Ligand code: AP5
Ligand code: MG
């Protein structure tokens, strides 16, 4: 099964994708995570992407579609994929169709996480992750069970994203409204879009997504 999680910054795409990895053995392909890894490693892609990401704008379609194709080639044909943060523009949606067709895959579901933008600023500015394993946390909504210690790996270092400040978040939201939300009708016309209340509790969101994937 191949699915897209679509929603503005902070909608919970990464949170729900990592749950699906755990519960269904699917693989999360997050272009944001891949780009951040490229920035950290100082690769040519990372060097190009860094300033664009720090400003909250979109990296070029060629770069992100290229890395998505490369990552898909590393996966077994039967591995289900969750696209998180891709596609984000009409040209990327077109590229994804070609990328999937070339690999004998097709899209099963596009799940839109519907959220209230004002609440997202709080979600994003409160977010932090374990520097060792990447487990996600939040100052108000999901603290580690033992303060300062990662629930998953026991790590004690945490980090925050450089683009998680209010000004950049507003730019990221504007980019979403202008360039990403307009791709929804492409998938609506195919009858594969489902909408989930992304403001609900994380567990309820996960249940709603599971129900869609199970055809309930
Ligand atoms: P990317 O990394 O994709 O960031 P984003 O789309 O802005 O989304 P986020 O990762 O901020 O949010 P999320 O929906 O994953 O939310 P999360 O689950 O963490 O992209 C970053 C940048 O890379 C872009 O700005 C762009 O420059 C570049 N880029 C990436 N892909 C690109 C592409 N395809 N084309 C061009 N450029 C690209 O949740 C947020 C917080 O809320 C967490 O702390 C979480 O614990 C909490 N939370 C989650 N769900 C709930 C809930 N139900 N209730 C309460 N709290 C919740
Ligand atoms: Mg994310």
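In our numbering, the protein residues as written are 121 to 336. We put the CB at the ideal spot given by N, CA and C, even for glycine. Computed from a prediction, not measured in an experiment: that's the story for all the values here.
Excluding five sequence neighbours on each side, which residues of the same chain lie with their C-beta closer than 6 Å to the C-beta of residue i?
i	result
residue 131	233, 235, 318
residue 243	130
residue 139	326
Grab me the residues of residue i's own chain with a C-beta within less than 7 Å of its C-beta, minus the 5 sequence neighbours each way, in chain order.
i	result
residue 296	128, 129
residue 205	133, 150, 151, 152
residue 220	122, 226, 227
Return yes when the C-beta of residue i is under 7 Å from any heavy atom of the ligand AP5, and no when it is not.
i	result
residue 229	no
residue 247	yes
Nearest to residue i by CA position, among the options, is which residue?
i	options	result
residue 292	312, 241, 334, 278	241
residue 328	122, 124, 121, 136	136
residue 121	308, 175, 201	201
residue 237	289, 270, 187	289
Could you name the residues that DSSP lists as bridge partners for residue i?
i	result
residue 118	Here the chain comprises residues numbered 121 to 336, so residue 118 is not present and cannot be evaluated.
residue 256	249
residue 316	233
residue 261	In the DSSP output, where bridge partners are listed per residue, residue 261 has none listed.
Return the chain-ordered list of same chain residues with a C-beta closer than 8 Å to the C-beta of residue i, the five sequence neighbours on each side being excluded.
i	result
residue 181	209, 211, 212, 215
residue 170	159
residue 273	250, 252, 253, 255
residue 195	147, 201
residue 156	173, 281
Comparing the CB of residue i with every heavy atom of the ligand MG, is any distance shorter than 7 Å?
i	result
residue 204	yes
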